[in-house]
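A.B. asks:
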Amino acid sequence: MKYEKELKKAFSISIPVLMGYIVLGFAFGLLLTSFDYPWYLAPIMSIFIYAGALQFVAINFFNAKAGLIDIAIASWFINIRQSFYGLSLLKRFKNSGKLKPFLIFSLTDETYALLTTIKDDETLNKKYYYLFLGLLNQFYWIIGCTSGAVIGSYVDFNTAGLEFSLTALFVVLCIEQYKSLKNIYPFLIGAISSIFALIFIPSDKMLIVSIIIALIMMFFFRKRIEK
Amino acid sequence: MTGIEIYLAIGVMALVNYFTRVFPFIFFIRKDPPSSIIFIERFFPAIIMVILIVYTLKDIEFAVYPYGLKEVSSVIFTAFLHLSIKNYLISIFGGTIFYMALIQYIN
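Top to bottom, those sequences are chains A and B.
Under my numbering, the first residue of the first sequence carries the number 44, and numbering increases by one thereafter.
Under my numbering, the first residue of the second sequence carries the number 607, and numbering increases by one thereafter.
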């Protein structure tokens, strides 16, 4: 095969993502079918949405019968960080031609982390190397989500409490954010706005109200945060 | 939600998600982003993670016994695992199994 070298390199650096996506995807699939949604939503969502946190939150949207506008706004804010990944890849993706739309679509947290952490090997054809990395990672995610959903719909697990995997994911990401940011203010703002909304706002509007309060507080205290 | 509503919701999420990823390639290919965008980019992810933790616990009745203690202790346990072992999978699965055990075996 013409691009065997690129495929091999992409596979070898994607092994940690393979393990992570299979396990986390499996938890997603299991959780989805534990609410009696059909198993085939798992492959559909992992092909077209392909975003871990958003897919988990999507289950909450389905359960809460959230409105489409609320879903759009919340999805945008949940994944707004992705809008900034591209800023550091504008040059690297410049000459990727027809592959570019997919390379951009494949930019999950983990794919971005690999792309920006592993040094480029100058002997590789970069656009195919990036393509294989993106394809492999999404493939792992589809396999994880689908197998969790299929096994979950045939085997009767006691899944009570499984939804905590999402909370745990956010706790871990929150700690990682603190490690890189070393600034307590954003965490205080997040806690104040969400606990306020939890107490005073009906739960179906809680997410969007917390986000709006947080944005207002953020700009109000901008000088102190940026000091 | 049922049938068509779910597919509409998935469609909206797929579009918005792709939009978040393609955004810089559309808008910042020639000019630099304004400072307010850079400010949000830098600090908003941390804020949203805290909000999402609270959001996922929104249906817990904190005023009723056991006052959300199972959730709070599982959050602490997950954070403890992550700070000591520093492995995403161990933290997420350890925390989840801990919570499932509390929910399923302790009244």
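The beta-carbon is built from N, C-alpha and C at its ideal position, and this holds for glycine as well.
Here the structure is a predicted model, which means the values were calculated and not measured.
1. Reducing DSSP to helix, strand and coil, say where B/E647 ends up.
2. Taking only beta carbons into account, state which residues of the segment 675 to 694 of chain B come closer than 8 angstroms to chain A, listed in chain order.
3. Relative to the C-alpha of A/M260, which candidate in A/P229, A/D163 and A/L111 has its C-alpha closest?
4. Give the secondary structure of A/N273 by DSSP, where H, G and I count as helix, E and B as strand, and everything else as coil.
5. What does the alpha-carbon distance come out to for the pair A/A192 and A/I102?
6. Does the beta-carbon of A/I121 have 16 or more other beta-carbons within 10 angstroms, so that it is buried, or is it exposed?
7. Any beta carbon from chain B within less than 7 angstroms of A/P86's own beta carbon?
8. Please name the residues in the segment 617 to 634 of chain B whose beta-carbon is closer than 7 angstroms to at least one beta-carbon of chain A, in chain order.
9. Inspect the beta-carbon positions of A/G195 and A/L73 and report whether they are closer than 7 angstroms.
10. With C-beta atoms as the reference, is A/L212 less than 7 angstroms away from B/V660?
11. Out of A/W119, A/F136, A/A156 and A/G95, point me to the one whose CA is closest to A/P59's CA.
12. Whole angstroms are fine: how far does the CA of A/F175 sit from the CA of A/N106?
13. Report back the beta-carbon spacing between A/L84 and A/L75 to the nearest angstrom; my notes put them in contact at under 8 angstroms.
14. Out of A/K169, A/Y197, A/G177 and A/D79, which has the shortest C-alpha to C-alpha gap to A/A94?
15. Under three-state DSSP, which class holds A/T159?
C.D. replies: From the atom records:
1. Correct three-state label for B/E647: helix.
2. E677, S680, V681, T684, A685, H688, L689 and Y694
3. Ranked by Cα distance from A/M260, the first of A/P229, A/D163 and A/L111 is A/P229.
4. With chain A represented from 44 up to 270, any question about residue 273 of chain A goes unanswered, as that position is not in the structure.
5. 13 angstroms
6. buried
7. Chain B, which has no Cβ nearer than 7 angstroms to the Cβ of A/P86, makes this no.
8. V618, M619, A620, V622, N623, Y624, T626, R627, V628, F629, P630, F631 and F634
9. yes
10. A distance of 7 angstroms or more separates the beta carbons of A/L212 and B/V660.
11. A/A156
12. Those two C-alpha atoms are separated by around 35 angstroms.
13. 6 angstroms
14. A/G177
15. helix
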